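Take the sequence shown: its position 30, counting from 1, is numbered 30 in the UniProt record's numbering, and each next residue is one higher. Backbone N, C-alpha and C define an ideal beta-carbon position, used for all residues, glycine too. Computed from a predicted model, the values in this text were never measured in an experiment.
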Amino acid sequence: MSKYQKDLPPIPLPSPLRTGATYTNTQILPKQQPQQAEYYHAVLKHQNRRLQKQNEELQQTIVQQKEKITHLQDKKKECQQYIKKQNENFIQITRSVCSAFENYREKAVPMPTESLSSSPIDQLIEAYAAFSDSEGDFF
Numbered sequence: 001m002s003k004y005q006k007d008l009p010p011i012p013l014p015s016p017l018r019t020g021a022t023y024t025n026t027q028i029l030p031k032q033q034p035q036q037a038e039y040y041h042a043v044l045k046h047q048n049r050r051l052q053k054q055n056e057e058l059q060q061t062i063v064q065q066k067e068k069i070t071h072l073q074d075k076k077k078e079c080q081q082y083i084k085k086q087n088e089n090f091i092q093i094t095r096s097v098c099s100a101f102e103n104y105r106e107k108a109v110p111m112p113t114e115s116l117s118s119s120p121i122d123q124l125i126e127a128y129a130a131f132s133d134s135e136g137d138f139f
């Protein structure tokens with residue numbers, strides 16, 4: 001047997017109407033039943049091969065998708081670790097900047113005595129007025 005199989009659909013049975021035969025059904029049935037059985041067997045065999053091939057292709061697709069999922073999950077874990085490290089570094093830098101400002105304020109800028117005697121509302125207004133929310137200040 002050859003190494004390659006041809007996967008062709010079976011040849012349809014000849015119809016007595018097409019051939020011009022005028023036999024009655026009782027004369028045709030005994031001869032055609034084995035032919036019809038062979039034909040249906042060939043059709044089912046062809047469909048079975050096609051479905052098996054389709055099943056193999058789908059199984060390969062599933063394996064490829066699972067590999068892709070594991071790869072993406074690994075990449076996601078790497079990105080999460082990178083983000084976590086960046087957040088930790090940001091927190092550390094923010095803390096060091098805040099402590100540097102606090103040290104500067106304590107050492108370099110003496111607190112005015114008059115601001116201590118002002119009311120809490122005045123202190124809030126001064127605090128809000130000290131900052132600008134203009135976008136031009138950021139450029």
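Residue i in three-state terms, based on DSSP
i      : result
Ala108 : coil
Asp122 : helix
Original post:
Going along the chain, which unbroken runs of the beta strand (DSSP E) with 3 or more residues stay wholly within the stretch 28-104?
Top reply: none
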